[in-house]
Amino acid sequence: EPLEIRLGHRSLSVTMRTPGNDFELAAGFLFSEGMIRDIAQIRSMHRLSDGSPNVVVVELVDGEPQTPVPARRNFLMTSACGLCGKASLRDLEANTCPILPHDRLKLDPAVIHPLPDRLRRAQSVFDGTGGLHAAAIFNFQGELESLREDVGRHNAVDKLIGAALLNHRTPLNRLILLVSGRASFELVQKGLMAGIPVLAAVGAPSSLAVATAERSGMTLLGFLRNGRFNVYSGSGRILGLEHHL
Numbered sequence: 001e002p003l004e005i006r007l008g009h010r011s012l013s014v015t016m017r018t019p020g021n022d023f024e025l026a027a028g029f030l031f032s033e034g035m036i037r038d039i040a041q042i043r044s045m046h047r048l049s050d051g052s053p054n055v056v057v058v059e060l061v062d063g064e065p066q067t068p069v070p071a072r073r074n075f076l077m078t079s080a081c082g083l084c085g086k087a088s089l090r091d092l093e094a095n096t097c098p099i100l101p102h103d104r105l106k107l108d109p110a111v112i113h114p115l116p117d118r119l120r121r122a123q124s125v126f127d128g129t130g131g132l133h134a135a136a137i138f139n140f141q142g143e144l145e146s147l148r149e150d151v152g153r154h155n156a157v158d159k160l161i162g163a164a165l166l167n168h169r170t171p172l173n174r175l176i177l178l179v180s181g182r183a184s185f186e187l188v189q190k191g192l193m194a195g196i197p198v199l200a201a202v203g204a205p206s207s208l209a210v211a212t213a214e215r216s217g218m219t220l221l222g223f224l225r226n227g228r229f230n231v232y233s234g235s236g237r238i239l240g241l242e243h244h245l
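Structure, rendered in structure tokens:
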């Protein structure tokens, strides 16, 4: 179903999403687009007075987002493509991703290999529909900390980040983000905005995702399945690959 996110009286985004956790989705979207830096900037989130389940209205403390939204920018997103709403490639280029600070984190490959199976076992909604993507946060011991499902991967990640914001758990700088399917530029961007050092995907990353992860210091893993994975950037965080930089 469609969800419209409004910033005050302004319609900001319309996205096709799986209903549920809509306030998390709205908060995570604003955060990953750089419009807020902290949950304290949100005064309130509410439905319309007529009770419409497909509109969330966000009111900011200062009234205006951290990053001004160009007048021509419309976030009309399908379940498959979060970038479809960018007005032009210039918008994409201008939306620079943060550089992660240097860290000494080390991740054992033995922790990485079982993660897709753990993700799949935790997908309760997928079991009933078979048609949803999932995004999950794991710690460096391989323990599942949170999971969200949605018809779109980018929505599932926004819900995860929004939940962390609402629970005052950002930045997520010692955690792993695992997504079903491929790793797009937008998922790398969202992970970087939340301070996540490792993004793993069951499928392939896009070339823009790889370039962005390399430039920003993120460890990007792809084709994580059947006891194997490819390292596309940030191999220094993977035990045994520290010298393959």
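Residue numbers (this note's numbering): 1 to 245.
A virtual CB, placed ideally from N, CA and C, is assigned to each residue, including glycine.
- Under the DSSP definition of a beta bridge, Gly-222 partners with Asn-230.
- The continuous stretches of alpha helix (DSSP H) do not include Arg-47, which lies in the beta strand (DSSP E) extending over residues 42-47.
- Each residue's CA atom was taken as its position, placing Phe-229 and Glu-64 some 43 Å apart.
- Here Phe-31 really is in contact with Leu-165; their C-beta atoms are around 6 Å apart, less than 8 Å.
- Fewer than three Cβ pairs drawn from the segment 99-112 and the segment 150-160 lie within less than 8 Å of each other, which leaves the two stretches out of contact.
- When only Cα atoms are considered, Leu-239 and Lys-190 end up about 25 Å apart.
- DSSP, reduced to helix, strand and coil, places Val-151 outside both helices and strands of the structure shown, so it counts as coil.
- With 16 or more neighbouring CB atoms inside 10 Å of its own CB, Asn-21 falls in the buried class.
- Annotation: Leu-3 to Ala-213 spans about 29 Å, alpha carbon to alpha carbon.
- Residue environment analysis places Pro-101 among the exposed positions, since fewer than 16 neighbouring C-beta atoms fall within 10 angstroms of its C-beta.
- Closest option to Arg-10, judged by alpha-carbon separation, among Ser-52, Ser-49, Glu-33, Val-56: Val-56.
- The beta strand (DSSP E) runs of length 3 or more contained entirely in the segment 102-187 are, from start to end of the chain, 133-139, 144-150, 175-179.
- Taking C-beta atoms under 8 Å as the contact rule, Ala-134 and Gln-141 fail to qualify, at a distance of about 20 Å.
- Assignment of Met-16 by DSSP, reduced to helix, strand and coil, places it in the strand class.
- The alpha-carbon separation between Asn-167 and Leu-192 amounts to approximately 19 Å.
- Val-61 carries a coil assignment under DSSP once its states are collapsed to helix, strand and coil.
- 8 Å or more divides the Cβ of Tyr-232 from the Cβ of Val-198.
- Straight-line spacing of the CA atoms in Gly-236 and Ser-146 works out to 26 Å.
- For a cut-off of 8 Å, the C-beta gap from Leu-60 to Arg-47 is around 17 Å, too long to register as a contact.
- Within a 10 Å sphere around the beta-carbon of Asp-62 sit fewer than 16 other beta-carbons, which makes this residue exposed.
- The residue from Ala-201, Asp-103, Ser-206 with its alpha-carbon nearest to that of Asn-226 is Ala-201.
- In this model, Ala-27 and Leu-241 are separated by some 36 Å (Cα to Cα).
- Nearest to Cys-97 by C-alpha distance, out of Gly-195, Ala-40, Leu-221, Ala-204, is Gly-195.
- Going by DSSP, Val-202 is part of no beta strand (DSSP E) at all; its letter is neither H nor E.
- Of the residues assessed, Arg-148 falls on the buried side of the cut-off, its CB having 16 or more other CB atoms within 10 angstroms.
- Looking at the DSSP output, Ile-5 sits in a beta bridge with Ser-13, Val-56.
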